[in-house]
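Residue numbers (UniProt numbering): 1 to 113.
Just so you know, even glycine gets a beta-carbon here, dropped at the ideal spot from N, CA and C.
As the structure is a prediction and not an experimental result, all values here were calculated from the model.
What follows is a single structure, written as structure tokens, with notes after it.
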């Protein structure tokens, strides 16, 4: 019979290690549980959402809505990828795009304003 050990590292990634064991009795072992909360927290239905009055997008946190109304809602894209024609409203999204799509290139953006 194989014994399963669950290791949790600081980044929250789980790994399973199988070991041979003669004294393992699965009926008496406790089931594996994650001690961390799910990333999305509690059930989504219970949380009051913050909704934009202009476009009806909703967010879990008030600061997400504030960022949306200040930088996104009804606005043209502010930054562009220097390696292709991708334009986005948030600088961080272009940084992520460059790291994923243009690997080994310098990460910077073109301000369109």
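Residues near residue i by beta carbon distance below 7 angstroms, same chain, minus five either side
i, result
"residue 92", "none"
Endpoints, the alpha helix (DSSP H) within which residue i is located
i, result
"residue 112", "That residue, residue 112, is in no alpha helix (DSSP H); it is neither H nor E in DSSP."
"residue 100", "91-101"
Residue j beta carbon less than 9 angstroms from that of residue i
i, j, result
"residue 98", "residue 105", "yes"
"residue 79", "residue 109", "yes"
"residue 56", "residue 50", "no"
"residue 84", "residue 65", "no"
Distance, residue j Cα to residue i Cα
i, j, result
"residue 63", "residue 74", "18 angstroms"
"residue 112", "residue 86", "12 angstroms"
Neighbourhood of residue i by C-beta, 8 angstroms cutoff - its chain only, sequence neighbours within 5 removed
i, result
"residue 95", "107, 109"
"residue 54", "69, 73, 74"
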